[in-house]
Each structure stands twice: as structure tokens, then as C-alpha cells.
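Colleague:
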Amino acid sequence: MRMRIAISVMLVVLVLAAGSSSAAAAGKWRKRVHAPCKRLVFYFHDILYNGHNAKNATAAIVGSPNWGNRTILAGQNHFGDMVVFDDPITMDNNLHSPAVGRAQGFYLYDKKDIFTAWLGFSFVFNSTEHKGSINFAGADPLMNKTRDISVIGGTGDFFMARGVATLSTDAFEGEVYFRLCVDIKLYECW
Amino acid sequence: MRMRIAISVMLVVLVLAAGSSSAAAAGKWRKRVHAPCKRLVFYFHDILYNGHNAKNATAAIVGSPNWGNRTILAGQNHFGDMVVFDDPITMDNNLHSPAVGRAQGFYLYDKKDIFTAWLGFSFVFNSTEHKGSINFAGADPLMNKTRDISVIGGTGDFFMARGVATLSTDAFEGEVYFRLCVDIKLYECW
Amino acid sequence: MRMRIAISVMLVVLVLAAGSSSAAAAGKWRKRVHAPCKRLVFYFHDILYNGHNAKNATAAIVGSPNWGNRTILAGQNHFGDMVVFDDPITMDNNLHSPAVGRAQGFYLYDKKDIFTAWLGFSFVFNSTEHKGSINFAGADPLMNKTRDISVIGGTGDFFMARGVATLSTDAFEGEVYFRLCVDIKLYECW
């Protein structure tokens, strides 16, 4: 009898374990317990082209609303500016630390009455530490201390990854430089 | 012997059950049974800047092909026009209803011989009802009555969400205003 | 006793079965065994507008950095150029083969010192063979022989698809034409 109970308990545990990936069945239960299967923290550094910094710039305005241009970020909280970037990724918050990868993609400012952005980009790694890419998309209401975007996929070491990345602005200097801290929490790790 | 058969049958059943979240194993089976774990219907309203409506506009052309500009949508079914938007989301189809969130991101027109768009955007909520974001991407062949795009991720209340959103054009007025109905069906709800 | 062993074996099977979709629990195990649940190979053909090929062009520059324009790809490895496309998809590498669908979306060049792109696009099918769409996003370091991007979602026949697509440049002609081979490997097939 004790044996049967033990087996029943085990089966329940197994069902719950299976449920942890059957979201439809066990949504609420998961909410309480999910923990990242992988966690990585990086910084990336964006130096925007402003007409005078061609050599150092890692990003450039490539689209703007009719009232803007491609050298100076537009009025109305830069609404409509679209920026392409190839930013160095570092392990710490020092722009001059060795880059461990590149953050590549675009962001756009999409609100007239406050700074808010939308991001589509990848972290691209090709080092002894990491090979492969992590792909991100999501809204970045950058006046909030932290904001969450989605990890929508990955390749190589990050094959099929999904998760959430928490962004925080670690520093900025006028309209030329900003540094984001990206706390990547993967919840699906193949 | 009978026992072994019984166990084998059980294993098959179990494998199928596990298969309900192991898509590779049980794809066809799932096709018959999947139902959303969460369903939400919203409307969003896009008012495109046309040179005369700066105050009300929620969207602006920020990129265009060489034969276009950023005030008037280009010829050839607007091919190449890229638009950034921050549109109010409402529960019903009334532009003047209280906004429950913002639809933020971009769309682009990508076909010369018919109206077709591609969308990358987020629904951003910060109300008592919903907190968090839902991220979308996909093709929008907007002359079709309904068209499906992907929910590629979510944050907050929509943590790790995946699903399909069915878009339909609820109304439009010339080249300035359109209203989309978005029927969001999540099939992965953590 | 034999019974207990049988049950233990079952439990192991169950754990493995559950693990196949519980990435967090069995990441390493999966890494060794994952195989696509669906595999598709296509080609798509991009003819970039250059001021002289309006009739045949399937793509156009819609954004560029300040030092570029929308007729000629910019210097510095086209850094900052954003291109919208509606490209035919074929089963083989012949531009003149019947199109089985359209590749629609955008790419941008995002590195100053080497050719590298970022892609957001969909494969849109509406044939007897396939109906629905596959959505892609990711970095495309196009000087590499092969590079992986993410399948971030799908609709219709590709409902809820996830996977990896391996791109390779099958041909290119100057700055006007290129042909990509796309080897789509889905690992989640509902």
C-alpha cells in the first residue's frame, strides 16, 4: 500500500513536471515557480552619429519623420527616428572593456510626448565563451527604470532560446551616448 | 504477457500525452485539439501624419522609396513606405473610448501591385486590468478580410506568451485613418 | 520485484518524454537529440531598385544614413541602409521558376567594416502546397557561408512554428541581385 502511494506521488510529480511545459494546462502553477534555465548579464554601448563623430559612431539615424533629419534626433521626443546600430557588448559597464560580441539591429522612437522606443536586434557572439545569437524584440519605455522585452529566439549556443530581457539605462551622455544593461533570463533552453 | 501488453499500451498513451507538448511527436494530433489558453480582443487606431494633422496624428512616415516622401504615402500601393506609430488601444471600435494601452512599433508597405504590409509592434498595457506587453510580428496582406500574425513573446501579465493574432480592418478613412480589430489567441500562457 | 523494475523503466521513459519538452530540465539531453519536426528548403530572389530597373525591382532602399541616398547603397558596407522587399520564393535556384510564395519584409545593413545585415520578414504562401506564413528575425552576417536566424512564429499550415533557418547566399550580381537559399528547420510543429 505504501508502495502504491509512493508511486502515485511520483506520478503526480511527473504530471506536474510535464505540465511545466504544457502552458495551457498549468499556466497558473507555472507563474509561481518559473525560474530561468539560463541567465546572462551584459552591457552594450550606443554612440549615435551626429555629424561630427563618424569614426567612433556605432549607430546612425536612417529614418526620420518629415520634420526631422538624419543628423540630429527629431523634436517631440525623437518621435519617428529610426536608428540602425552595431554596438559593442561588454561584460562590465566600461565602454573600453574588450567586446565579447555585438548588438546589431535597430531601434525607433515611437511616442511624441515621452521618450519611448521599440527594439528589434540580436546579440551576436563569436568567442570562446559563446557562439551564436540571441534575438530580441519589444517595447522599451526608456523612462522607466527597468523594462522588459522578449527573447524571441536564438541560434548556436542559444538554440531555440526564449525568455525575457530586462533593460536598464546604465548611463547616457546627451544625445550621443547611452549604455544599456541587459539582464537576459531564458526560460526555454534546449 | 498480457501484463506487458497492458504496459505497452500505457506507454503509448503516456507518450501521446507527453506529446501534447512535444510538438515534434504529435503535431497532427495537436492540430485537432488546440484551443487558446487566453483570448483578448482589442481595437487600435492609426492616424497618419499628412502635413496638416500634427496634433492628432499618432503615426508618421519615416522611410520611403526614392519616388516617395514622408508626407504623402507613395504610389504603387505605398510600396516601401515605413511608418512608426503610437496608437491608442480601445476595448470597442470607438476612437474616443478610453485607451487601455498603446500599440507601438512600425509597419511597412511591401508590395507594388497590391496593399500589403509587414508589422513589428507591441501592445503596451499599464492599467489595473493588464500590466505588461505583448509583442507581435508578421505579414499583413490587408486586402484580405482577416489575416494572421504571430505573437512572438510577452512580458508582465503576458510573460512568455506565444500565439496568433487575427487582424481585420474595422474601418478606414482615405489615407489618414484606419482601425484594426485584433483578436489575440494565446496558445502558450505561463 | 519485476513489476517494480517495469514501473521504474516506465518512470524513466516518462521523465525522458516529459524532458523532451521541458527544456529547463533536460537542456543538455535535448541538445544531443533534437531533430527537426519539419524541414523545408526554398530560394528567394532580391532585385534592388537602382534607379533604372523600376519594372523588375522587388526591393527598394527606404532608409539610409545621412551620407547615403535611396538609389545607391551607401558606402561603409552599406551601413544604415534599410531595404523593403517583396521577393519571389522558388523551389529551385532559378529566378524564372514559378513562385510558390513571397518573402516580404525588410533588411538593414548594420556594420561599417564588413557586410552584415539584420532581417525581419515573412514567407507568405497561398498555394495548394502551403497556406500560411512563417515569420523570421535575426542577424545575417552575410560574409559567412551559412548563418542562422530564428523562426519566431507561424500561421496557417505553420501554426505556432518555431525553429532555425540557415541562410546561404546562392548567388549575387553586383549590388542589384542576390539569391538566398533558406533551409528551414522547425523544432516546434503544432
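Keeping their order, the protein sequence lines are chains A, B and C.
All residue numbers for the first sequence refer to numbering that gives the first Met the number 0, where the first residue is 0 and numbers rise by one.
All residue numbers for the second sequence refer to numbering that gives the first Met the number 0, where the first residue is 0 and numbers rise by one.
All residue numbers for the third sequence refer to numbering that gives the first Met the number 0, where the first residue is 0 and numbers rise by one.
The beta carbon of each residue, even a glycine, is placed where N, CA and C say it ideally should be.
1) Buried or exposed for A:Ala-34, going by 16 or more other Cβ atoms inside 10 Å?
2) Can you grab the Cα-Cα spacing for the pair C:Asn-65 / B:Glu-128, in whole Å?
3) Beta carbon of B:Ala-138, beta carbon of C:Ser-132: below 8 Å?
4) B:Gln-75 by DSSP, collapsed to three states: which one?
5) Taking just the CA atoms, how far does C:Leu-39 sit from B:Trp-28?
6) Tell me which residues of the region 70-90 of chain B have at least one Cβ-Cβ distance to chain C shorter than 8 Å, keeping chain order.
7) Could you tell me which residues DSSP puts in a beta bridge with A:Thr-115?
8) Can you round the beta-carbon distance between B:Thr-168 and B:Leu-141 to whole angstroms, since I take them to be within the 8 Å contact cut?
9) C:Cys-180: which of C:Met-81, C:Ala-170, C:Asp-85 sits nearest, CA to CA?
10) Residues bridged to A:Cys-180 by DSSP?
11) Which residues in chain C have a C-beta closer than 9 Å to the C-beta of A:Ala-136? List them in chain order.
12) Measuring only the C-alpha atoms, how far is C:Trp-189 from B:Lys-130?
13) Roughly how many whole angstroms lie between the Cα atoms of A:Pro-87 and B:Gly-50?
14) Ordered along the chain, which non-local residues of its own chain (more than five positions away) have a Cβ less than 7 Å from that of C:Lys-144?
15) Is any beta-carbon of chain A found at less than 8 Å from that of C:Thr-145?
16) Identify the residues that DSSP records as bridge partners of B:Ser-132: which are they?
17) Does DSSP classify B:Val-61 as helix, strand or coil?
18) Closer than 9 Å between beta carbons: that is the criterion. Which residues of the region 39-69 of chain B meet it against chain C?
19) What do you reckon, are the CB atoms on B:Ile-151 and C:Gly-152 nearer than 8 Å?
20) Thinking C:Phe-124 and C:Gly-100 are a contact (beta carbons under 8 Å), I'd like their distance in whole angstroms, please.
21) By DSSP, does C:Val-82 sit in helix, in strand, or in coil?
22) Given a threshold of 16 other Cβ atoms within 10 Å of its Cβ, counted over all protein chains shown, does B:Ser-126 qualify as buried or as exposed?
23) Taking C-alpha atoms, which residue in B:Val-61, B:Arg-178, B:Asn-52, B:Ala-136 lies nearest to B:Ser-89?
24) Just grab the DSSP bridge partners of A:Lys-54 for me.
25) Identify, in the order they occur along the chain, each residue of the same chain with its Cβ nearer than 6 Å to the Cβ of B:Leu-72, setting aside the five sequence neighbours on each side.
26) Note the first and the last residue of the continuous beta strand (DSSP E) segment covering B:Arg-101.
27) Does the Cβ-Cβ distance between A:Asp-45 and C:Asp-109 come in under 8 Å?
28) If we define contact as Cβ-Cβ less than 8 Å, is A:His-33 a contact residue for chain B?
29) Could you tell me which residues DSSP puts in a beta bridge with A:Asp-139?
30) For chain A, is any of its Cβ atoms less than 8 Å away from the one on B:Phe-124?
31) Drop a sphere of 10 angstroms on the beta-carbon of A:Lys-54, count the other beta-carbons inside from all chains shown, and report buried for 16 or more, exposed for fewer.
32) What's the C-alpha gap between B:Ala-192 and A:Asn-68?
33) Which residues in the same chain as B:Ala-58 place their Cβ atom closer than 6 Å to its Cβ, once the five residues preceding and following it in sequence are excluded?
34) Mind checking C:Glu-187: buried by the 16 CB within 10 Å criterion, or exposed?
35) Taking a contact to mean a Cβ-Cβ separation below 8 Å, would you say B:Ser-149 touches C:Thr-154 in this structure?
36) Could you tell me the alpha carbon to alpha carbon distance between B:Ser-96 and C:Ile-183, rounded to whole angstroms?
Modeller: For this structure:
1) In the first sequence, residue 34 of chain A corresponds to position 35, counting from 1. Exposed, since its Cβ has fewer than 16 Cβ neighbours within 10 Å.
2) Taking the first residue of the third sequence as position 1, residue 65 of chain C is located at position 66. Taking the first residue of the second sequence as position 1, residue 128 of chain B is located at position 129. Distance between the alpha carbons of C:Asn-65 and B:Glu-128 is about 43 Å.
3) As a first step, residue 138 of chain B must be located in the second sequence, where it is residue number 139. As a first step, residue 132 of chain C must be located in the third sequence, where it is residue number 133. For B:Ala-138 and C:Ser-132, yes; Cβs fall inside 8 Å.
4) In the second sequence, the residue the question calls residue 75 of chain B occupies position 76. Three-state DSSP puts B:Gln-75 in a helix.
5) As a first step, residue 28 of chain B is located in the second sequence; it is residue number 29 there, counting from the start. As a first step, residue 39 of chain C is located in the third sequence; it is residue number 40 there, counting from the start. Residue confidence is low: B:Trp-28 scores 44 on pLDDT, short of 50, so the model does not pin down where it sits. Its coordinate-derived value is still stated next. Taking the straight line from one Cα to the other gives about 21 Å.
6) Phe-78, Gly-79, Asp-80, Met-81
7) As a first step, residue 115 of chain A must be located in the first sequence, where it is residue number 116. Bridge partners of A:Thr-115: none, in fact.
8) For the purposes of this step, residue 168 of chain B is identified with residue 169 of the second sequence, where counting begins at 1. For the purposes of this step, residue 141 of chain B is identified with residue 142 of the second sequence, where counting begins at 1. Contact flag correct, Cβ pair sits at about 6 Å.
9) For the purposes of this step, residue 180 of chain C is identified with residue 181 of the third sequence, where counting begins at 1. Measuring from the Cα of C:Cys-180, the nearest candidate turns out to be C:Ala-170.
10) On the first sequence, residue 180 of chain A is found 181 positions in, with the first residue counted as 1. DSSP, once it has assigned bridges, lists A:Tyr-42, A:Ser-167 as partnering A:Cys-180.
11) Mapped onto the first sequence, residue 136 of chain A falls at position 137. Per Cβ cutoff of 9 Å: Gly-119, Ala-136, Ile-151.
12) Locating residue 189 of chain C in the third sequence gives position 190, where the first residue counts as 1. Locating residue 130 of chain B in the second sequence gives position 131, where the first residue counts as 1. C-alpha separation (whole angstroms): 29 Å.
13) Here the question's residue 87 of chain A lines up with position 88 in the first sequence. Here the question's residue 50 of chain B lines up with position 51 in the second sequence. So the two alpha carbons sit approximately 38 Å from each other.
14) For this step, residue 144 of chain C is matched to residue 145 along the third sequence. Cβ within range, chain order: Ser-167.
15) In the third sequence, the residue the question calls residue 145 of chain C occupies position 146. With 8 Å as the cut-off, C:Thr-145 does not count as an interface residue toward chain A.
16) Position 133 of the second sequence, counted from the first residue, corresponds to residue 132 of chain B. Looking at the DSSP assignment, B:Ser-132 forms a beta bridge with B:Val-123, B:Thr-154.
17) The count along the second sequence starts at 1 and reaches residue 61 of chain B at position 62. Three-state result, B:Val-61: strand.
18) Val-61, Gly-62, Ser-63, Pro-64, Asn-65, Trp-66, Gly-67
19) Mapped onto the second sequence, residue 151 of chain B falls at position 152. Mapped onto the third sequence, residue 152 of chain C falls at position 153. Their beta carbons are under 8 Å apart, which means B:Ile-151 touches C:Gly-152 by this criterion.
20) Residue numbering aside, residue 124 of chain C sits at position 125 when the third sequence is read from its first letter. Residue numbering aside, residue 100 of chain C sits at position 101 when the third sequence is read from its first letter. Their Cβ separation, rounded to whole angstroms, is 4 Å, which keeps C:Phe-124 and C:Gly-100 in contact under 8 Å.
21) Along the third sequence, one-based indexing puts residue 82 of chain C at 83. Correct three-state label for C:Val-82: strand.
22) Translated into the one-based positions of the second sequence, residue 126 of chain B becomes position 127. It counts as exposed.
23) Position 90 of the second sequence, counted from the first residue, corresponds to residue 89 of chain B. It should be noted that the sequence gives Thr, not Ser, for residue 89 of chain B. Measuring from the Cα of B:Thr-89, the nearest candidate turns out to be B:Arg-178.
24) Position 55 of the first sequence, counting from 1, holds the residue named residue 54 of chain A. A:Lys-54 is not bridged to any residue.
25) Looking up residue 72 of chain B in the second sequence gives position 73. Counting only Cβ-Cβ distances below 6 Å, and skipping sequence neighbours, we find Asp-80, Glu-174.
26) Looking up residue 101 of chain B in the second sequence gives position 102. First-last of the beta strand (DSSP E) with B:Arg-101: 100-108.
27) Indexing the first sequence from 1 puts residue 45 of chain A at position 46. Indexing the third sequence from 1 puts residue 109 of chain C at position 110. Contact: no.
28) Here residue 33 of chain A refers to the residue found at position 34 of the first sequence. Yes, because at least one Cβ of chain B sits closer than 8 Å to the Cβ of A:His-33.
29) For the purposes of this step, residue 139 of chain A is taken as the residue at position 140 of the first sequence. In the DSSP output, where bridge partners are listed per residue, A:Asp-139 has A:Ala-116.
30) As a position in the second sequence, residue 124 of chain B is number 125, starting the count at 1. No, B:Phe-124 lies away from the interface with chain A (no Cβ there is under 8 Å from its Cβ).
31) Indexing the first sequence from 1 puts residue 54 of chain A at position 55. Exposed: under 16 other Cβ atoms inside 10 Å.
32) Beyond the ends of chain B as shown, which are 0 and 189, falls residue 192 of chain B; an answer cannot be given.
33) Against the second sequence, residue 58 of chain B aligns to sequence position 59. Excluding positions up to five away in sequence, the list reads Asp-45, Leu-47, Val-82, Phe-84.
34) Taking the third sequence and counting its residues from 1, the one referred to as residue 187 of chain C is at position 188. Burial call: buried.
35) Along the second sequence, one-based indexing puts residue 149 of chain B at 150. Along the third sequence, one-based indexing puts residue 154 of chain C at 155. Cβ atoms of B:Ser-149 and C:Thr-154: closer than 8 Å.
36) Here residue 96 of chain B is taken as the residue at index 97 of the second sequence, counted from 1. Here residue 183 of chain C is taken as the residue at index 184 of the third sequence, counted from 1. Taking the straight line joining both Cα atoms gives about 44 Å.
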